[in-house]
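Residues in the sequence shown are numbered consecutively from 16, following the working numbering.
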Amino acid sequence: MLHYKKFIKDNSSDWVVFIHGAGGSSSIWFKQVRAYQEYFNVLLVDLRGHGKSKEMSTMKAYYKEKYTFKTVSRDVLEVLKQNKIESAHFVGVSLGTIIIRSIAEIKPEVVKSAVMCGAITRLDVRSRILVWLGHTFKKIVPFIWLYKLFAWVIMPKRNHQESRSMFISDAKNLAKKEFLKWFRLTYDVNPLLKYFKEKEMKNPTLYVMGSEDHMFLPPVKKMIGNFERSELKVIEGCGHVCNIEEPELFNKISIEYLIKQSSNVHQDTLAN
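Okay, here's the thing in structure tokens:
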């Protein structure tokens, strides 16, 4: 079972489940928890091998198991089942957005709506070169060097430093074998993203992207032009991880959206 933390507002409020990216942990949402608690019950999850779920990687069954987006997604669904959460809104960042898409494919009725921050919807030439470099040198170069390289390429500007530093700091807590198991997931990314690009989620979805997210914003803009249930908000002067760089604006945009999708929050809640 994954490590998780709950913040309960009341029994009638909707749940919001936060999904971090590869190499990170639920600590990346520390600027969101207090704001979200005012309107929702909150569930923070550490994915397998990450954060306080590191102990899972020492269990024989998990050590031998090949990681796929389905297995990682089912981990999250098991946490919801244990806590008797039948449906929830999901907020994800970076690779966490792919996991939300996967959850919606496995069990669409669980996802009331989704907020995708720094969404990964396609790997362009630069992304594929990074992945190739990673696979080529992953066994001979310390994985943290690779992770630092990825972080600098994805978040290169000075104002991205906090996000970059946080990603690298969390990644240092990963064991090498865990990094390699997660890195193998990149083999599944392109075919999965191609499928997702051609098929819109049945669930209302808000993409929140930074104007400086040079690798991932262009394909999101192109993709949602053909979608009916998806919206895009671009935060100016922001990079890949908007929830860290512009937390107040991210919180306002995302909470307003989720309130509109919520069955248990009055539409005038924010105004009050």
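The C-beta atom is built at its ideal place from N, Cα and C for all residues, glycine as well.
| Query | Result |
| --- | --- |
| Give me the Cα-Cα distance between residue 34 and residue 179, rounded to the nearest whole angstrom. | 18 Å |
| Between 17, 29 and 39, which has its C-alpha nearest residue 182's C-alpha? | 39 |
| Apart from the five residues on each side of it in sequence, which residues of its chain come closer than 8 Å, Cβ to Cβ, to residue 20? | 41, 58 and 59 |
| Could you tell me which of 266, 215, 270 and 31 sits nearest to residue 46, measuring between CA atoms? | 266 |
| With a threshold of 16 other CB atoms inside 10 Å of the CB of residue 25, please say whether the residue is buried or exposed. | exposed |
| Within 8 Å, do at least three Cβ pairs link the region 98 to 111 to the region 119 to 139? | yes |
| Measuring alpha carbon to alpha carbon, tell me which residue in 124, 243 and 113 is nearest residue 100. | 124 |
| Does residue 56 come out as helix, strand or coil in the three-state DSSP assignment? | strand |
| For the beta strand (DSSP E) that contains residue 237, what are its first and last residues? | Careful: residue 237 lies outside any beta strand (DSSP E), inside the alpha helix (DSSP H) at 232 to 239. |
| Is the separation between the beta-carbon of residue 68 and that of residue 88 shorter than 8 Å? | no |
| For residue 184 and residue 225, what's the separation of their Cα atoms in angstroms? | 22 Å |
| Going by beta carbon distance, what residues of the same chain come within less than 6 Å of residue 221, once the five residues before and after it are set aside? | 130, 246 and 272 |
| Is it the case that the Cβ atoms of residue 50 and residue 270 are separated by a distance below 8 Å? | yes |
| Using three-state DSSP, classify residue 272 as helix, strand or coil. | helix |
| For residue 130, which of helix, strand or coil comes out of DSSP? | strand |
| Whose CA, out of 18, 95 and 240, lies closest to the CA of residue 64? | 18 |
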